[in-house]
Amino acid sequence: MSSRKLLYIATALLWAALISVASAAAPAKTSSKSAADNEIERGRYVVAISGCNDCHTHRFLLSGGKTPEKEWLTGSTMGWRGPWGTTYATNLRLYFQEITEEQWVQVAKEIQRRPPMPYYSLNAMTEADVRALYKYVRSLGPAGNPAPKFVPADKAPPQPFVQFP
Ligand code: HEC
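882 is the number of the first residue of the sequence shown in the numbering used here; add one for each residue after it.
Written out as structure tokens, the structure is:
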């Protein structure tokens, strides 16, 4: 074999090796990025189907769910008044800035709050969904103002509020 032919073969082999290294490395990088993206997307789905926005996003119910995503979970000034007093749905965009993902996993498992917070739904969520929810809300970043403070049962809350029997 001529030395020229040998050089061609060596060059071809080198290219083949380089291409296989490049194609092996590329998908690994893409898939680790999309794994994080997938988890955020899952969190968005969990929020969308579990109804957190109904209370934790001001006027979400009245907008027929059309409130822009950038306003999601910024809390509400709508009071929920009943024998327990008047509660306000927390600004979760600020709330999640204050706790770590590990703390949230624990909170979601044990949380109990006054009505109408459906804490039992949160207690029943799988850890994977609880973590995805955290990552999604964190990905939205902080926004809005804290919701009004709880008003005890013997005090009249300001408008607007929903009166429970
Ligand atoms: C029907 C209305 C309603 C829905 C639906 C709802 N929440 Fe709430 N949530 C509230 C209210 C009201 C409070 C405040 C309760 C209180 O003051 O005791 C609250 C409190 C909380 C708190 C406690 C915050 C703190 O300051 O300690 C967390 C966390 C929370 N909600 C998360 C969620 C998540 C996540 C979802 C969706 C899975 C959800 N909530 C769905 C009404 C709701």
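Heads up, the beta-carbon is just placed ideally off N, CA and C, and yes, glycines get one too.
Three Cβ pairs or more, each shorter than 8 Å: is that satisfied between the segment 1004-1011 and the segment 932-950?
no
What three-state label does DSSP hand PRO1038 in the structure shown?
coil
Using CA coordinates, which residue listed in GLU982, TRP961 and GLU922 is at the minimum distance from LYS840?
Residue 840 lies beyond the range of the chain shown here (882 to 1046); nothing can be said about it.
Cβ-based neighbour list, GLY1025, same chain, cut-off 8 Å, excluding 5 preceding and 5 following:
GLU952, THR955, GLY956, ASN972, ARG974 and LEU975
If distances are taken between C-alpha atoms only, which option among THR967, VAL1011 and ALA1034 comes closest to THR981?
VAL1011
Between the Cα of SER931 and those of LEU1014, LYS1036, PRO1041 and GLN987, spot the shortest distance and give me the residue it belongs to.
LEU1014
Could you spell out the range, first to last residue, of the alpha helix (DSSP H) harbouring TRP985?
982-991
I'd like to know whether the C-beta atoms of MET959 and VAL1032 end up nearer to each other than 8 Å.
no
Would you mind sorting GLY1022 into buried or exposed? The rule is 16 or more other CB atoms within 10 Å of its CB.
exposed
Closer than 7 Å: GLY932 CB and nearest ligand 1 heavy atom:
yes
Round the Cβ separation of TYR1017 and VAL928 to the nearest angstrom and send it over; I've been treating them as touching at under 8 Å.
6 Å
DSSP bridge partner residues for VAL928 (one or two, in chain order):
Answer by DSSP bridge pairing: none, since VAL928 is not bridged.
Measure the alpha-carbon distance for MET923 versus GLU1008 and round it to whole angstroms.
Position check: residue 923 holds Arg in this sequence, whereas Met was assumed. Looking at the two C-alpha atoms, the distance is approximately 13 Å.
Could you check how far apart the C-beta atoms of ALA1028 and ALA970 are, in whole angstroms? I think they sit under 8 Å.
6 Å
With H, G and I counted as helix, E and B as strand and the rest as coil, what does DSSP make of ARG994?
coil
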